[in-house]
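In my numbering, the protein residues as written are 1488 to 1630.
Backbone N, C-alpha and C fix where the C-beta goes; we use that ideal spot for every residue, glycine too.
In what follows, a structure is listed as structure tokens, so that the remarks can point back to it.
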Amino acid sequence: MAKKKAKKAAEKSRPTRAPRKPHNWDKVLMAAYVISLGGTIDAAAEMAGCAERTVRNWKSAPWWAEAKQGAVAKWKGDVLAAAKRGVLSIIKEKDPHTTRWALERLMPEDFARPPQRHDIGLGDGATDIQATLTIGGKPVGES
């Protein structure tokens, strides 16, 4: 009889839900941001305004990988914004060489020089180039 009740109870039980992200997602992102920059759990908890145990629990949650991705994306955005501010200050100082260098690297699709291609014609229908490498006056490969 007890087995039948247990079986019926198991049939009626609801399937378990995947854990939801916490309502204070911004605090989770702050903790993930600090940890992704090499900070300790203690520092992450302090910045997020929560207990260390909470951050440890967050790190073991299935959504922590998403939080880390969000933190890395924020970090990249912060770095790019800082780089852009640096470029603007360089432009204000009117240093054209450094400005061009920075723009070529920050926005290569707009400012980088196009790749160069060199075609070497051998002339006279030649198809091979033969070269001899010499070291110390002796051709390499000869004894």
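Practice task
Take the Cβ of A1568 as the centre, count every other Cβ of all protein chains shown within 10 Å, and call the residue buried at 16 or more, exposed below.
Solution key: With fewer than 16 neighbouring CB atoms inside 10 Å of its own CB, A1568 falls in the exposed class.
Handout entry: Paired residues, beta bridge with P1595 - DSSP
Key = Answer is none; P1595 lacks a bridge partner.
Practice task
With a threshold of 16 other CB atoms inside 10 Å of the CB of V1542, please say whether the residue is buried or exposed.
Solution key: buried
Exercise for the section: Taking all protein chains shown into account, decide if K1514 is buried (16 or more other Cβ within 10 angstroms of its Cβ) or exposed. Expected result: buried
Exercise for the section: Along the alpha helix (DSSP H) that carries A1632, what are the first and last residues, could you check? Expected result: Past the edges of the chain, shown from 1488 to 1630, lies residue 1632, and the structure says nothing about it.
Practice task
With a 10 Å radius around its C-beta and 16 neighbouring C-beta atoms as the bar for buried, classify V1521 as buried or exposed.
Solution key: buried
Practice task
For K1571, I'd like the list of residues in its chain whose CB is within less than 8 Å of its CB, leaving aside the five on either flank, ordered along the chain.
Solution key: L1593
Practice task
For P1626, name the three-state secondary structure that DSSP assigns.
Solution key: strand
Practice task
Return the CA-CA distance between A1589 and P1595, expressed in angstroms with no decimal places.
Solution key: 10 Å
Problem - Straight-line Cα distance separating E1533 from M1517 - result: 10 Å
Practice task
Throw me the rounded Cβ distance for the A1519 and A1554 pair, which I believe falls under 8 Å.
Solution key: Cβ-Cβ separation between A1519 and A1554: approximately 4 Å, consistent with a contact (criterion under 8 Å).
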